[in-house]
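The structure appears below as structure tokens.
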Amino acid sequence: MERESMDFDVVIVGAGPAGLSAACKLAQLSQDNEQNLSICLVEKGAEIGAHILSGAVIETKALDELYPDWAQLNAPLKTSVCEDSLFYLTSEHNHIKVPSICTPSTLHNDSNNYVVSLGQLCQWLGEQAEQLGVEIFPAFPASQICYDDSGKVTGIITADMGLDRSAKPKPTYQAGVQLNAKYTLFAEGARGHMGKELIRHFDLDADSLPQHYALGIKEVWQLDASAPHYQAGKVIHSTGWPLSESDSTGGGFLYHMGDHKVAVGLITDLSYSNPNVSPFEEFQRLKHHPVFSQQLQGAERIAYGARAIAKGGLFSLPKQQFPGGLLIGCDAGTLNSAKIKGTHTAMKSGLIAAEAVFNAMLNSTTEPDYESVFKSSWLYQELDQSRNFIGAVHRFGPVIGGAISLFEHNLWLKMTTKRSIWDIKHKQPDHLALQTCEASKPIAYPKPDGVLSFDKNSSVYLSGTHHEEDQPCHLIVSDRSLPTGRHLTQFNEPSVRYCPAGVYELIEVDGQTQLQINAANCLHCKTCDIKDPSQNILWRPPEGGGPSYSSM
């Protein structure tokens, strides 16, 4: 096929914190050394930040390195943490406030941390990148990876636009553009479809454990200006109920943002074993607990979204370097689960990548030396110190696992100043964790009350999600007999519950059960690509659209 092509020194896929940090740093280095590098960044969202979702409480460690004067540059970090609490929810109505001394130091937040909208931070980073001369192309999903005859990555091809449901060209058809690059950085976020291909193609995970994931579901609520319980910078985390009732792990969060807004959400580890679990419904239950409901009194829900989180840590981190490019940020899995933070680590990954790529081009070397710089950085040290957190929680539960983390971070590391001498690993992939329905207890979720809890359809409406209906379905079910056959018999077809947007639905047609895919609802969270027990669902980027997050 004849395609338009464009040549760049560096192409970056994904305008999240990792990709944008890499773009800004590369442009800074280029200007400082009078190199005039050509840098292109493609983003599948209609605008920068449209598909970005995170809690988020962030550390500024990497931002301080990239823009030491970020406050003077009016970065959207205005609300510093003023109060930090951890609650263990023992039941539907009861809880224990965990004393600070009994909380792992990694979970402590102080005034050096900020409650932010990560989408707004990415918008700001995008503005900085454009001012530095980076070419940013929003609404251009990357569709294919280009390789040369030696197997080296040489760039990407963006998605074809204007195809109908049968993949035939419509009058509006426009072929994707081939973007050629000396180096290509992949920063798609957790479970990036290209990152997934690269890991398989180059066997990048040969020496690592399977990646582990969680599903984060988040809402933003608007409080009245006179609300007495509003306190900008107040941070609440929880563990225990409701996930503990289904032997699942994860935890809730509630952050008081600026402008009398409150972010509330639940992170459900996708290693859960009960196929009857619905992370969406667990989140609706969480909001009824007094610890959360009291904070939402008199508020109006204004936004909703969901996103998978790569949380396996150092043991699950694949090799990030391959011929012609790098995997960075959550596309590789640099989030620090022990801190419940990934923005500063993703940004640092982008900074290291930028420095490695720039030095390679400056010195005309074949490949950038990312790995050695990474292993000598504070990012590697931080991930190494937290490497046991996920294994401990998955194997021993949040209470014992939390106690192990408490000992490791509050006592061992502080007293010895040396890394712990033990490793705790969890080797089972998340999609293999499901037990059969016969071996699992049923779960009866209450109906939504329309005040604190809601249904999926009204929630998806608040995400601003939109897709062109007449386009190829971007959710590819390889074997259509599996969902209504073995999966229905063994697991009661779990996709109708693990999807937080009602994309998958069982319907009756002529007396036969069929799986209906409501692709227009898709939030691009990637949970189906992760949790399907047969790895039978492949997520691919649609030709455009998706959520339109404004304050996530």
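Note that the sequence shown covers residues 1 to 552 in the UniProt record's numbering.
Beta carbons are placed, not taken as given, at the ideal position from N, Cα and C, and that holds for glycine.
Nothing here was measured: the structure is a model prediction, and the numbers come from that model.
(message) For residue 555 and M6, what's the separation of their Cα atoms in angstroms?
(response) Shown here, the chain extends from 1 to 552; a query on residue 555 therefore has no answer.
(request) Compute the distance between the beta-carbons of L125 and S246, then report whether it is under 9 Å. (result) One-based indexing of the sequence shown puts residue 125 at position 125. One-based indexing of the sequence shown puts residue 246 at position 246. Contact check for L125 against S246 fails: the beta carbons are separated by 9 Å or more.
(message) Using DSSP's beta-bridge definition, name the partner residues of L506.
(response) As a working mapping, residue 506 is identified with position 506 in the sequence shown. For L506, which the question treats as bridged, DSSP gives the partners L515.
(request) For W539, name the three-state secondary structure that DSSP assigns. (result) As a working note, residue 539 is residue 539 in the sequence shown. W539: strand per DSSP, three-state reduction.
(request) Counting only runs of 3+ residues fully inside the region 456-508, write out the beta strand (DSSP E) ranges in chain order. (result) If one requires a minimum length of 3 residues, the beta strand (DSSP E) runs lying completely within the region 456-508 are 475-477, in chain order.
(request) Measure the C-alpha to C-alpha separation of F116 and A181 and round it to an integer number of angstroms. (result) On the sequence shown, position 116 is the one that residue 116 refers to. On the sequence shown, position 181 is the one that residue 181 refers to. Contrary to the premise, residue 116 reads as Val rather than Phe in this sequence. Between V116 and A181, the C-alpha separation is close to 34 Å.
(request) Using three-state DSSP, classify R165 as helix, strand or coil. (result) Taking the first residue of the sequence shown as position 1, residue 165 is located at position 165. It is coil, neither helix nor strand.
(message) Pop quiz: G405 and A310 are said to be a contact at Cβ under 8 Å. What is the actual Cβ separation, rounded to whole angstroms?
(response) Numbered from its first residue, the sequence shown carries residue 405 at position 405. Numbered from its first residue, the sequence shown carries residue 310 at position 310. Residue identity differs from the one stated: residue 405 is Ser in this sequence, not Gly. Separation of the CB atoms of S405 and A310 is rounded to 19 Å, and the pair is thereby denied contact status at 8 Å.
(message) Starting from L296, trace the beta strand (DSSP E) in both directions and tell me its first and last residue.
(response) Taking the first residue of the sequence shown as 1, we reach residue 296 at position 296. First-last for L296: undefined, no H or E at that position.
(request) Return the chain-ordered ranges of every beta strand (DSSP E) run that is complete within the region 165-245 and spans a minimum of 3 residues. (result) Segments of the beta strand (DSSP E) lying fully in the region 165-245: 169-174, 178-186, 213-222, 234-240.
(request) Enumerate in chain order the residues of its own chain whose CB-to-CB distance from G176 is below 7 Å, with the five nearest sequence positions on each side excluded. (result) Residue numbering aside, residue 176 sits at position 176 when the sequence shown is read from its first letter. In chain order, R3, S143, I157, T158, A159, D160 place their CB closer than 7 Å to the CB of G176, counting only its own chain and leaving out the 5 sequence neighbours on each side.
(message) Excluding the 5 residues flanking L462 on each side, which residues of the same chain have their C-beta closer than 6 Å to its C-beta?
(response) The residue you call residue 462 lines up with position 462 of the sequence shown. These residues qualify, in order along the chain: A303, Y304.
(request) State yes or no: is the C-beta of L475 within less than 9 Å of the C-beta of C437? (result) Numbered from 1 along the sequence shown, position 475 holds the residue referred to as residue 475. Numbered from 1 along the sequence shown, position 437 holds the residue referred to as residue 437. In this structure, C437 does not lie closer than 9 Å to L475 by Cβ.
(request) Using the Cα positions of E282 and R497, report the straight-line distance between them to the nearest angstrom. (result) Within the sequence shown, the letter at position 282 stands for residue 282. Within the sequence shown, the letter at position 497 stands for residue 497. Roughly 11 Å between the two C-alpha positions.
(request) Consult DSSP for C330 and reduce its assignment to one of helix, strand or coil. (result) Start at 1 with the first residue of the sequence shown, and residue 330 comes out as number 330. Three-state DSSP puts C330 in a helix.
(message) With the cut-off set at 9 Å, would you say L41 and G19 are in Cβ contact?
(response) Residue mapping note: residue 41 aligns to position 41 of the sequence shown, counting from 1. Residue mapping note: residue 19 aligns to position 19 of the sequence shown, counting from 1. Yes. Within cutoff.
(request) Compare the beta carbon distance of Q435 and P275 with 9 Å and say whether it is the shorter of the two. (result) For the purposes of this step, residue 435 is taken as the residue at position 435 of the sequence shown. For the purposes of this step, residue 275 is taken as the residue at position 275 of the sequence shown. P275 sits close to Q435, with the two beta carbons spaced by under 9 Å.
(message) Could you tell me the alpha carbon to alpha carbon distance between H108 and H409, rounded to whole angstroms?
(response) Position 108 of the sequence shown, counted from the first residue, corresponds to residue 108. Position 409 of the sequence shown, counted from the first residue, corresponds to residue 409. Going by the C-alpha atoms only, they are around 11 Å apart.
(message) How far does the alpha helix (DSSP H) with F87 in it extend, from its first residue to its last?
(response) Here the question's residue 87 lines up with position 87 in the sequence shown. First-last for F87: 83-89, but that is the beta strand (DSSP E), not the alpha helix (DSSP H).
(request) Pull up the distance between the alpha-carbon of I145 and that of P323, whole angstroms please. (result) Counted from its first residue, the sequence shown places residue 145 at position 145. Counted from its first residue, the sequence shown places residue 323 at position 323. When rounded, the distance between both Cα atoms is 13 Å.
(request) Can you grab the Cα-Cα spacing for the pair Y67 / W539, in whole Å? (result) Numbered from its first residue, the sequence shown carries residue 67 at position 67. Numbered from its first residue, the sequence shown carries residue 539 at position 539. Rounded to whole angstroms, Y67 to W539 spans 35 Å at the Cα level.
(message) Looking at the secondary structure, which residues open and close the beta strand (DSSP E) in which residue 563 lies?
(response) One cannot answer for residue 563 here, as it falls past the ends of the chain, which runs 1 to 552.
(request) Have a look at K375 and D384 and give me their C-alpha separation to the nearest angstrom. (result) Reading the sequence shown from its first residue, position 375 is the one you call residue 375. Reading the sequence shown from its first residue, position 384 is the one you call residue 384. If you draw a straight line from the Cα of K375 to the Cα of D384, it comes to about 10 Å.
(request) Kindly indicate which residue of I328, E367, Y445 has the alpha-carbon position closest to the one of K348. (result) For the purposes of this step, residue 348 is identified with residue 348 of the sequence shown, where counting begins at 1. Ranking the options by Cα distance to K348, first place goes to I328.
(request) State the DSSP-derived secondary structure class of F283, mapped to helix, strand or coil. (result) Taking the first residue of the sequence shown as 1, we reach residue 283 at position 283. Note: F283 maps to helix in three-state DSSP.
(message) Output needed for A167: all residues of its chain with C-beta closer than 6 Å, excluding positions within five of it in sequence on either side, in chain order.
(response) Along the sequence shown, one-based indexing puts residue 167 at 167. Same-chain partners within the cutoff: P472.
(request) Starting from F137, follow the alpha helix (DSSP H) in both directions and report where the run begins and ends. (result) The residue given as residue 137 occupies position 137 in the sequence shown. Here F137 belongs to no alpha helix (DSSP H); instead the beta strand (DSSP E) covers 135-138.
(request) State the Cα-Cα distance for the pair K418 and A232, rounded to the nearest angstrom. (result) For the purposes of this step, residue 418 is identified with residue 418 of the sequence shown, where counting begins at 1. For the purposes of this step, residue 232 is identified with residue 232 of the sequence shown, where counting begins at 1. For K418 and A232, the distance between alpha carbons rounds to 37 Å.
(request) Would you check if the region 424-434 and the region 263-273 touch, i.e. whether three or more CB-CB distances between them fall below 8 Å? (result) Short answer: they touch.
(message) If contacts are defined as beta-carbon pairs under 8 Å, then G350 and K25 qualify, I think. What distance do you get, rounded to the angstrom?
(response) Numbered from 1 along the sequence shown, position 350 holds the residue referred to as residue 350. Numbered from 1 along the sequence shown, position 25 holds the residue referred to as residue 25. The pair is a contact, with the Cβ atoms about 7 Å apart (cut-off 8 Å).
(message) Please classify K234 as buried or exposed, where buried requires at least 16 other C-beta atoms within 10 Å of its C-beta.
(response) In the sequence shown, counting from the first residue as 1, residue 234 sits at position 234. Buried: at least 16 other Cβ atoms inside 10 Å.
(request) Determine the extent of the alpha helix (DSSP H) in which K61 is found, giving its start and end residues. (result) Your numbering for residue 61 matches position 61 in the sequence shown. For K61, the enclosing alpha helix (DSSP H) starts and ends at 61-66.
(request) Could you have a look at F315 and say whether DSSP puts it in helix, strand or coil? (result) The residue labelled residue 315 in the question sits at position 315 within the sequence shown. In the structure shown, F315 sits in a helix (DSSP, three-state: H, G or I).
(request) Could you tell me if A444 is buried or exposed, where buried requires 16 or more neighbouring beta carbons within 10 angstroms of its beta carbon? (result) On the sequence shown, residue 444 is found 444 positions in, with the first residue counted as 1. With fewer than 16 other Cβ atoms inside 10 Å of its own Cβ, A444 counts as exposed.
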